[in-house]
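Working notes for the structure below.
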Amino acid sequence: MDLARTEVTGRAARAGNAARLGLMAVPVAFFAVFFAYPVAAIVARGLGSDGGWRFGRLWDVAAQSDIRHVLWFTTWQALASTALTLLVALPAAYVFARLEFPGKQVLRAVVTVPFVLPTVVVGTAFLALVGRGGLLDDLWGVRLDTTVWAILLAHVFFNYAVVVRTVGGLWSQLDPRQEEAARMLGASRLTAWRTVTLPALGPAVAAATLMVFLFTFTSFGVVQILGGPTFSTLEVEIYRQTSEIFDLSTAAVLTIVQFLAVGAILAVHARTVRRRESALRLVDASVTARRPRGAGQWALLAGVLGTIAVLLVLPLAVLAQRSLDAPGFAYYRALTSDDGNVFLVPPIDAIGNSLEYAVTATAIAVAVGGLAAASLTRRDAGRLVRGFDALLMLPLGVSAVTVGFGFLIALDEPPLDLRGTWILVPLAQALVGIPFVVRTMLPVLRAVDQRLREAAAVLGASPWRVWREVDLPMVWRALLVAAGFAFAVSLGEFGATVFIARPDNPTLPVAVARLLGRAGELNYGQAMALSTILMVVCVVALLVLERLRTDRTGEL
Amino acid sequence: MHTRTFVAAAVGLGLVTLSACGSSDDDGSAAESKTVTLVSHDSWAVSKNVLADFEKSSGYQVKVLKDGDAGQAVNKAILTKDNPQGDVFFGVDNTLLSRALDNGLFQSYEAKGADQVLPAYRADQKKHRVTPVDTGDICVNYDKAYFSAHKLTPPASFDDLLKPAYKNLLVTENAATSSPGLGFLLGTAAEYGDDGWADYWKKLKANGVKVVDGWEQAYNEEFSGSAGGKKAGADRPLVVSYASSPPAEVIYGDPKPATAPTGVSTGTCFRQVEYAGLLSNAANPEGGKALLDFLLTKEFQQDMPLNMFVYPVREGAAVPAEFTKYGPQAEDPETLDPAKIADNRDDWVKSWTSLVLK
Numbered sequence: 001m002d003l004a005r006t007e008v009t010g011r012a013a014r015a016g017n018a019a020r021l022g023l024m025a026v027p028v029a030f031f032a033v034f035f036a037y038p039v040a041a042i043v044a045r046g047l048g049s050d051g052g053w054r055f056g057r058l059w060d061v062a063a064q065s066d067i068r069h070v071l072w073f074t075t076w077q078a079l080a081s082t083a084l085t086l087l088v089a090l091p092a093a094y095v096f097a098r099l100e101f102p103g104k105q106v107l108r109a110v111v112t113v114p115f116v117l118p119t120v121v122v123g124t125a126f127l128a129l130v131g132r133g134g135l136l137d138d139l140w141g142v143r144l145d146t147t148v149w150a151i152l153l154a155h156v157f158f159n160y161a162v163v164v165r166t167v168g169g170l171w172s173q174l175d176p177r178q179e180e181a182a183r184m185l186g187a188s189r190l191t192a193w194r195t196v197t198l199p200a201l202g203p204a205v206a207a208a209t210l211m212v213f214l215f216t217f218t219s220f221g222v223v224q225i226l227g228g229p230t231f232s233t234l235e236v237e238i239y240r241q242t243s244e245i246f247d248l249s250t251a252a253v254l255t256i257v258q259f260l261a262v263g264a265i266l267a268v269h270a271r272t273v274r275r276r277e278s279a280l281r282l283v284d285a286s287v288t289a290r291r292p293r294g295a296g297q298w299a300l301l302a303g304v305l306g307t308i309a310v311l312l313v314l315p316l317a318v319l320a321q322r323s324l325d326a327p328g329f330a331y332y333r334a335l336t337s338d339d340g341n342v343f344l345v346p347p348i349d350a351i352g353n354s355l356e357y358a359v360t361a362t363a364i365a366v367a368v369g370g371l372a373a374a375s376l377t378r379r380d381a382g383r384l385v386r387g388f389d390a391l392l393m394l395p396l397g398v399s400a401v402t403v404g405f406g407f408l409i410a411l412d413e414p415p416l417d418l419r420g421t422w423i424l425v426p427l428a429q430a431l432v433g434i435p436f437v438v439r440t441m442l443p444v445l446r447a448v449d450q451r452l453r454e455a456a457a458v459l460g461a462s463p464w465r466v467w468r469e470v471d472l473p474m475v476w477r478a479l480l481v482a483a484g485f486a487f488a489v490s491l492g493e494f495g496a497t498v499f500i501a502r503p504d505n506p507t508l509p510v511a512v513a514r515l516l517g518r519a520g521e522l523n524y525g526q527a528m529a530l531s532t533i534l535m536v537v538c539v540v541a542l543l544v545l546e547r548l549r550t551d552r553t554g555e556l
Numbered sequence: 001m002h003t004r005t006f007v008a009a010a011v012g013l014g015l016v017t018l019s020a021c022g023s024s025d026d027d028g029s030a031a032e033s034k035t036v037t038l039v040s041h042d043s044w045a046v047s048k049n050v051l052a053d054f055e056k057s058s059g060y061q062v063k064v065l066k067d068g069d070a071g072q073a074v075n076k077a078i079l080t081k082d083n084p085q086g087d088v089f090f091g092v093d094n095t096l097l098s099r100a101l102d103n104g105l106f107q108s109y110e111a112k113g114a115d116q117v118l119p120a121y122r123a124d125q126k127k128h129r130v131t132p133v134d135t136g137d138i139c140v141n142y143d144k145a146y147f148s149a150h151k152l153t154p155p156a157s158f159d160d161l162l163k164p165a166y167k168n169l170l171v172t173e174n175a176a177t178s179s180p181g182l183g184f185l186l187g188t189a190a191e192y193g194d195d196g197w198a199d200y201w202k203k204l205k206a207n208g209v210k211v212v213d214g215w216e217q218a219y220n221e222e223f224s225g226s227a228g229g230k231k232a233g234a235d236r237p238l239v240v241s242y243a244s245s246p247p248a249e250v251i252y253g254d255p256k257p258a259t260a261p262t263g264v265s266t267g268t269c270f271r272q273v274e275y276a277g278l279l280s281n282a283a284n285p286e287g288g289k290a291l292l293d294f295l296l297t298k299e300f301q302q303d304m305p306l307n308m309f310v311y312p313v314r315e316g317a318a319v320p321a322e323f324t325k326y327g328p329q330a331e332d333p334e335t336l337d338p339a340k341i342a343d344n345r346d347d348w349v350k351s352w353t354s355l356v357l358k
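Top line first, the protein sequences correspond to chains A and B.
The letter at position 384 of the first sequence is residue 384 when you use my numbering, and the numbering goes up by one with no holes.
The letter at position 191 of the second sequence is residue 191 when you use my numbering, and the numbering goes up by one with no holes.
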């Protein structure tokens with residue numbers, strides 16, 4: 001009996017390995033063609049000269065004190081921003097996971113809004129908090145604009161949702177009875193949390209930390225707008241060298257430096273996560289949240305809601321208020337008028353364009369990212385697979401301008417002459433979305449008890465059927481969260497979109513930027529109105545996703 | 001069941017999209033003789049009916065590709081010059097012209113109507129690689145309300161900006177990242193010469209000039225005369241912007257004001273000229289030539305100002321009434337030879353950065 005069983009599982013495992021490699025093929029091909037090749041092409045163009053290579057440039061550039069200064073600033077502001085974000089957002093992850101309160105779903109969507117708003121708009125909104133005449137100025141006469149504090153706070157504002165969603169998503173599915181059992185056995189509340197919940201959350205916290213660090217390490221718009229021209233990150237410097245100064249060799253060196261730095265971060269992350277992940281008992285999120293009990297929980301809830309109100313909602317409300325700051329919704333009415341100026345289409349059409357791009361980008365990101373996550377599920381996979389895991393994160397560490405310029409010189413010949421076609425925009429957006437899909441799905445996929453899969457295999461299920469019957473029902477929620485993230489990211493994506501030549505169908509962020517680029521009250525007002533619409537579209541999209549989930553909880 | 005169908009559909013859609021993009025490669029070049037492609041920057045705009053007239057009379061379909069801001073668009077065009085994205089490039093200005101010419105971006109073609117271009121705007125007269133299309137001035141704008149409330153005369157010249165009366169009033173853009181910022185720097189270089197401009201900026205810094213990264217922040221956040229600035233409580237009544245900004249404030253006013261709320265310090269202007277050219281290795285040179293001819297027609301030249309907020313370069317092309325009424329064009333703007341700009345631009349920007357920002 002035992003022998004037969006071993007043989008069956010062994011065969012299933014081998015079939016599984018083959019299947020996994022097959023699954024990896026699509027994402028690997030995708031990344032090779034749409035990421036590695038274009039980036040390599042633009043870096044090679046910067047470092048190559050008449051058949052030779054100018055690796056000496058590496059040293060020349062790295063030796064400049066300006067560049068070292070940029071690298072130092074990039075690193076410390078990213079560390080500080082990440083620490084601050086975790087400090088502010090982890091309590092919120094708990095509150096959203098474990099406490100039940102009215103308006104929770106809407107609020108969860110609202111905190112995600114900053115993440116999808118283009119920085120050019122958020123800069124404006126955030127100044128209302130920290131700038132002249134802002135809340136802090138009114139209350140205490142404190143102005144933080146053009147200080148590093150504005151950058152750090154804005155990073156918290158942007159990345160709050162990353163922590164709330166990534167950590168909170170897993171937290172809400174942890175079985176609270178395990179912690180309760182520990183307490184029953186005499187552990188203090190803190191000990192129970194430290195020994196039961198915290199280790200279980202480890203991978204999700206690590207994933208969130210990694211993403212926030214990557215985002216802040218490669219921060220671009222926030223640093224440019226709120227920090228003023230005196231602060232510069234590697235990303236900003238790469239943009240200036242590529243786009244303004246047209247010194248491709250310096251840009252190439254900086255790209256390599258950023259690449260190495262991001263690679264090192266990913267390697268450290270891979271190491272720490274591998275030690276921590278374990279199979280978890282996951283339960284339906286809807287049964288784990290309770291109404292707050294006791295002064296502690298109420299205080300925590302109040303604290304989190306207060307922080308959200310000041311740090312996240314206030315800047316967004318300023319945008320909305322400015323969009324309404326004209327009699328009779330004049331700015332909104334102006335959006336629908338086709339006056340032949342600025343746009344060849346009424347700005348309102350940008351909504352449709354944005355949705356089309358975002359849906360396509362989400363489909364690509366979910367397909368490619370989902371396959372990648374499925375192929376990476378087994379924790380005991382080899383070095384190759386782990387390397388692939390890290391590779392998937394690299395797009396977050398490479399400047400959008402590098403990718404945009406790379407597309408231009410790499411995808412310029414049949415059968416891949418995609419220049420000037422609309423598909424480039426969702427492809428570039430998907431590159432940014434895929435890491436979210438992978439990082440959101442992987443912790444949950446890995447938490448699925450391997451024995452369930454083995455049991456299914458023993459009962460004769462094919463690998464595909466195992467995945468469909470065992471994995472899919474359990475990761476369904478993570479898949480939706482991932483899709484929501486990918487959708488929201490592509491909706492607000494600005495970088496890659498502006499760096500890619502495209503036919504004239506502006507997305508919302510592009511339309512906003514174009515309106516802000518012109519003098520005149522109506523242009524400014526329409527920019528505010530479109531930004532407000534972008535916020536609303538985002539909230540609605542996220543709410544629909546959440547609704548989809550709760551309607552289907554019966555399947556879990 | 002529904003959930004699984006949804007996932008399957010999503011995954012399927014993704015794969016279909018992927019394979020679709022793999023097979024749509026020849027879309028761009030298929031109907032090449034009938035399609036002419038214009039590559040430009042994000043500010044390109046033309047009235048629909050004007051473009052339709054051209055398409056009808058010439059028989060060409062115009063495809064427009066927008067490729068980032070002016071600097072990016074030029075850099076990308078240079079990067080792809082061996083296998084260009086289109087036939088005509090529009091939007092290289094005099095500050096970047098030599099970068100485009102030295103890199104062999106354009107081939108010679110003298111557009112019909114080139115002899116109608118006002119002499120001041122003509123360039124590359126021997127080889128005719130570029131066709132001037134529009135012009136505009138980068139100037140200090142002032143908030144009229146502020147100056148009348150403080151009973152102060154607005155500054156009229158570069159020298160005026162150094163006066164104590166205007167301390168902490170001016171906001172400008174980073175010359176390294178912003179085209180008006182660079183224009184203003186070049187204006188001072190033209191006014192004070194190679195040896196004098198750095199000294200001017202030292203004094204300007206001492207007089208409290210504020211530098212932000214882009215025009216959007218300077219104008220919408222810091223300048224008290226703009227709609228955004230008013231809402232944000234901005235406190236800088238002087239900003240480096242365009243001579244066409246006051247007309248825009250009127251045209252896009254809500255309701256339209258009787259006079260422009262902002263004015264132009266006409267002694268602080270630097271003149272920009274934008275050019276178009278037929279790209280080397282263009283797939284459809286004949287269509288490109290027709291398109292260049294079109295850019296110089298009276299119809300396009302007169303349509304252009306209200307679309308892109310620039311002035312025509314063609315003799316006798318009418319300027320819209322709003323422009324003449326609300327925004328006087330500078331009579332004697334600063335200009336610099338494109339070759340001189342090419343030789344010095346990067347060094348100037350570098351010195352300016354360490355002088356003003358550090």
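C-beta atoms are modelled at their ideal positions from N, C-alpha and C, and glycine is treated no differently.
(Q) Measuring only from the beta carbon, is Ser-172 (chain A) closer than 6 Å to any heavy atom that is part of the ligand HEM? (A) Because no ligand of any kind appears in the structure shown, any question about the ligand HEM cannot be addressed here.
(Q) Tell me which residues share the same chain as Ala-204 (chain A) and place their Cβ nearer than 6 Å to its Cβ, disregarding the 5 neighbours each side in the sequence. (A) For this step, residue 204 (chain A) is matched to residue 204 along the first sequence. Counting only Cβ-Cβ distances below 6 Å, and skipping sequence neighbours, we find Thr-166, Val-167, Leu-170 and Pro-443.
Q.
Please identify, using Cβ separations under 7 Å, the residues of the segment 509-540 of chain A that lie next to chain B, in order along the chain.
A. Listed by position, the residues of the segment 509-540 of chain A near chain B (Cβ gap below 7 Å) are Arg-514, Leu-516, Gly-517, Arg-518, Ala-519, Gly-520, Glu-521, Leu-522, Asn-523, Tyr-524 and Gly-525.
Q. Name the DSSP bridge partner or partners of Cys-538 (chain A)?
A. The residue you call residue 538 (chain A) lines up with position 538 of the first sequence. Cys-538 (chain A) pairs with nothing; no bridge assigned.
Q | Cα-Cα separation, Pro-117 (chain A) to Glu-413 (chain A) | A | Here the question's residue 117 (chain A) lines up with position 117 in the first sequence. Here the question's residue 413 (chain A) lines up with position 413 in the first sequence. Pro is not the amino acid found at residue 117 (chain A); the sequence shown has Leu there. Rounded to the nearest whole angstrom, the CA to CA distance from Leu-117 (chain A) to Glu-413 (chain A) is 34 Å.
Q. Excluding the five sequence neighbours on either side, which residues of its own chain have a C-beta within less than 8 Å of the C-beta of Val-313 (chain A), listed in chain order?
A. In the first sequence, counting from the first residue as 1, residue 313 (chain A) sits at position 313. Cβ neighbours of Val-313 (chain A) beyond the five flanking positions: Val-110.
(Q) Which residues in chain A have a C-beta closer than 9 Å to the C-beta of Ser-226 (chain B)? List them in chain order. (A) Position 226 of the second sequence, counted from the first residue, corresponds to residue 226 (chain B). Those within 9 Å of Ser-226 (chain B) in chain A are Ala-519, Gly-520, Glu-521 and Tyr-524.
Q) Can you find a C-beta in chain B that's less than 7 Å from the C-beta of Arg-132 (chain A)? A) Working through the first sequence from its first residue, we reach residue 132 (chain A) at position 132. So yes, Arg-132 (chain A) belongs to the interface.
Q.
List, from N- to C-terminal side, the alpha helix (DSSP H) runs of 4 residues or more that fit wholly inside the segment 135-162 of chain B.
A. Counting whole runs of 4 or more residues, the segment 135-162 of chain B contains the alpha helix (DSSP H) stretches 144-149.
Q. Can at least three beta-carbon pairs, one atom from the segment 227-238 of chain A and one from the segment 67-85 of chain A, be found at a separation below 8 Å?
A. The segment 227-238 of chain A is in contact with the segment 67-85 of chain A.
Q. In chain A, which residues lie less than 9 Å from Val-211 (chain B) when you measure between Cβ atoms?
A. On the second sequence, residue 211 (chain B) is found 211 positions in, with the first residue counted as 1. By Cβ distance, chain A contributes Gly-228, Pro-229 and Thr-230.
(Q) Measuring alpha carbon to alpha carbon, tell me which residue in A:Cys-538, A:Leu-391 and A:Val-253 is nearest Ala-62 (chain A). (A) If you number the first sequence from 1, residue 62 (chain A) lands on position 62. The shortest Cα separation from Ala-62 (chain A) among A:Cys-538, A:Leu-391 and A:Val-253 belongs to A:Val-253.
Q) In chain B, which residues lie with their C-beta within 8 Å of the C-beta of Leu-408 (chain A)? A) Position 408 of the first sequence, counted from the first residue, corresponds to residue 408 (chain A). Here the neighbours are Lys-76, Leu-79, Thr-80 and Gln-85.
Q. Three-state secondary structure (DSSP) at Trp-53 (chain A)?
A. Mapped onto the first sequence, residue 53 (chain A) falls at position 53. Three-state DSSP puts Trp-53 (chain A) in a strand.
Q: Less than 8 Å between the CB atoms is what I'm expecting for Val-156 (chain A) and Val-398 (chain A), so what's the real figure, rounded?
A: Start at 1 with the first residue of the first sequence, and residue 156 (chain A) comes out as number 156. Start at 1 with the first residue of the first sequence, and residue 398 (chain A) comes out as number 398. The Cβ separation is near 24 Å, so there is no contact.
(Q) For the beta strand (DSSP E) containing Ser-40 (chain B), name the first residue and the last one. (A) The residue given as residue 40 (chain B) occupies position 40 in the second sequence. Looking at the DSSP string, the run of the beta strand (DSSP E) that includes Ser-40 (chain B) is 35-40.
Q: Indicate whether the contact test is met: 3 or more Cβ pairs, each with one atom in the segment 79-88 of chain A and one in the segment 128-142 of chain A, closer than 8 Å.
A: Short answer: they don't touch.
(Q) Short of 7 Å Cβ to Cβ, which residues in the segment 322-334 of chain A face chain B? (A) Closer than 7 Å at the C-beta level to chain B, one finds these residues of the segment 322-334 of chain A: Arg-322, Asp-325, Ala-326 and Ala-330.
Q: At 8 Å on the CB atoms, spell out the chain B contacts of Thr-124 (chain A), in chain order.
A: Position 124 of the first sequence, counted from the start, is the residue given in the question as residue 124 (chain A). Near Thr-124 (chain A) (Cβ distances below 8 Å), the residues of chain B are Asn-220, Glu-221, Gly-228 and Ala-232.
Q | Helix, strand or coil at Val-359 (chain A) [DSSP, three-state] | A | Here residue 359 (chain A) corresponds to residue number 359 of the first sequence, with the count starting at 1. Val-359 (chain A) sits in a helix when the DSSP states are folded into three classes.
(Q) Ignoring anything shorter than 4 residues, give me the alpha helix (DSSP H) runs that lie fully in the segment 409-455 of chain A, in order along the chain. (A) The qualifying runs are 424-447.
Q | Nearest-angstrom Cα separation, counted from Ala-251 (chain A) out to Phe-55 (chain A) | A | Here residue 55 (chain A) corresponds to residue number 55 of the first sequence, with the count starting at 1. Here residue 251 (chain A) corresponds to residue number 251 of the first sequence, with the count starting at 1. Their Cα atoms are separated by approximately 13 Å.
Q: Mind reading off the beta-carbon distance from Val-437 (chain A) to Leu-452 (chain A)? Whole number of angstroms is fine, and I expect it under 8 Å.
A: Numbered from its first residue, the first sequence carries residue 437 (chain A) at position 437. Numbered from its first residue, the first sequence carries residue 452 (chain A) at position 452. Actually they are not in contact, since the Cβ atoms of Val-437 (chain A) and Leu-452 (chain A) sit about 23 Å apart, beyond 8 Å.
Q. Under 7 Å, do Ser-245 (chain B) and Asn-141 (chain B) count as touching if we go by C-beta distance?
A. Counting from 1 along the second sequence, the entry for residue 245 (chain B) is found at position 245. Counting from 1 along the second sequence, the entry for residue 141 (chain B) is found at position 141. Cβ distance < 7 Å, so Ser-245 (chain B) and Asn-141 (chain B) count as in contact.
Q. In its own chain, which residues sit with a C-beta less than 6 Å from the C-beta of Leu-238 (chain B), not counting the 5 before and 5 after it?
A. Translated into positions along the second sequence, residue 238 (chain B) becomes position 238. Result list for Leu-238 (chain B): Val-140, Tyr-142, Leu-169 and Leu-170, in chain order.
Q) Gly-420 (chain A) touches chain B at which residues, Cβ-Cβ below 8 Å? A) For this step, residue 420 (chain A) is matched to residue 420 along the first sequence. Close to Gly-420 (chain A), with beta-carbon spacing below 8 Å, are these residues of chain B in chain order: Gly-28, Thr-37, Lys-63, Leu-65, Gln-85 and Gly-86.
Q | Alpha-carbon to alpha-carbon, Leu-90 (chain A) and Val-50 (chain B) | A | Numbered from its first residue, the second sequence carries residue 50 (chain B) at position 50. Numbered from its first residue, the first sequence carries residue 90 (chain A) at position 90. Val-50 (chain B) and Leu-90 (chain A): Cα-Cα distance of roughly 57 Å.
(Q) Helix, strand or coil for Leu-185 (chain B)? Go by DSSP, reduced to three states. (A) Position 185 of the second sequence, counted from the first residue, corresponds to residue 185 (chain B). Helix.
**Q.** Three-state class that DSSP yields for Ser-219 (chain A) in the structure shown
**A.** Numbered from its first residue, the first sequence carries residue 219 (chain A) at position 219. Look at Ser-219 (chain A) here: in three-state DSSP terms it is coil, with no helix or strand label.
(Q) Please list, in chain order, the chain B residues whose beta carbon lies closer than 9 Å to that of Glu-454 (chain A). (A) Taking the first residue of the first sequence as 1, we reach residue 454 (chain A) at position 454. For Glu-454 (chain A), none of the residues of chain B pass the 9 Å Cβ criterion, the least Cβ distance being about 22 Å.
Q) Would Leu-101 (chain B) count as contacting chain A if we go by Cβ distances under 7 Å? A) Residue 101 (chain B) sits at position 101 when you count from the first residue of the second sequence. At a cut-off of 7 Å between beta-carbon atoms, Leu-101 (chain B) makes no contact with chain A.
Q. Comparing the C-beta of Ser-462 (chain A) with each C-beta of chain B, is any distance below 7 Å?
A. Residue mapping note: residue 462 (chain A) aligns to position 462 of the first sequence, counting from 1. No - not a single Cβ of chain B is within 7 Å of the one on Ser-462 (chain A).
Q: Answer with yes or no whether the minimum CB distance from Asp-254 (chain B) to chain A is below 7 Å.
A: Here the question's residue 254 (chain B) lines up with position 254 in the second sequence. Yes, Asp-254 (chain B) lies at the interface with chain A (some Cβ there is under 7 Å from its Cβ).
(Q) Using DSSP's beta-bridge definition, name the partner residues of Arg-236 (chain B). (A) On the second sequence, residue 236 (chain B) is found 236 positions in, with the first residue counted as 1. DSSP links Arg-236 (chain B) through a beta bridge to B:Phe-223.
Q. Of all the options B:Phe-147, B:Gly-288 and B:Gln-272, which has the alpha carbon lying nearest to the alpha carbon of Asp-332 (chain B)?
A. On the second sequence, position 332 is the one that residue 332 (chain B) refers to. When each option's Cα is compared against that of Asp-332 (chain B), the closest is B:Gln-272.
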